[in-house]
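Under the numbering used here, the residues of the sequence shown are numbered 26 to 88, in order.
Have a look at the structure below, then the notes.
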Amino acid sequence: MKITYKGKNYQIEGEKELSLFFEKEEIPAGAVFYIDLQNKKVIQRQELFKSNEVEIKLFISGG
Numbered sequence: 026m027k028i029t030y031k032g033k034n035y036q037i038e039g040e041k042e043l044s045l046f047f048e049k050e051e052i053p054a055g056a057v058f059y060i061d062l063q064n065k066k067v068i069q070r071q072e073l074f075k076s077n078e079v080e081i082k083l084f085i086s087g088g
């Protein structure tokens, strides 16, 4: 799966590698959403591997 995050592309294989990527990039799990770049829709983490190209966006709700 190809992931785009902060304008950079990453190749991720499997859930373990994805978790390591999140840890390394210090991405907070509760402040993230994913966009399937092929279908142009927001998807959830468990749907990530059904897509080939995903963009990760940080979203922190305030207030």
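The beta-carbon is built from N, C-alpha and C at its ideal position, and this holds for glycine as well.
Within a Cβ cutoff of 8 Å, which residues of the same chain sit near residue i, ignoring the five residues on either side of it in sequence?
i   : result
L73 : M26, L43, Y59 and V79
E40 : F74
Q63 : S76, N77 and E78
N34 : K27 and I28
How many angstroms separate the CA atom of residue i from the CA atom of residue j?
i   : j   : result
K65 : S76 : 11 Å
V57 : F84 : 5 Å
E38 : K49 : 15 Å
K82 : G32 : 10 Å
I52 : R70 : 13 Å
Is it true that the CB of residue j sits closer than 9 Å to the CB of residue i?
i   : j   : result
F47 : A54 : yes
Quickly, what does DSSP pair residue i with across the bridge? List them, please.
i   : result
I52 : None, per the DSSP bridge assignment.
E78 : K27
Could you pull out every residue in the same chain whose Cβ sits closer than 7 Å to the Cβ of residue i, ignoring the five residues on either side in sequence?
i   : result
D61 : I68, S76 and V79
For residue i, collect the residues of the same chain with a Cβ closer than 6 Å to its Cβ; drop the 5 residues on either side in sequence, then sort them by chain order.
i   : result
Y30 : I81
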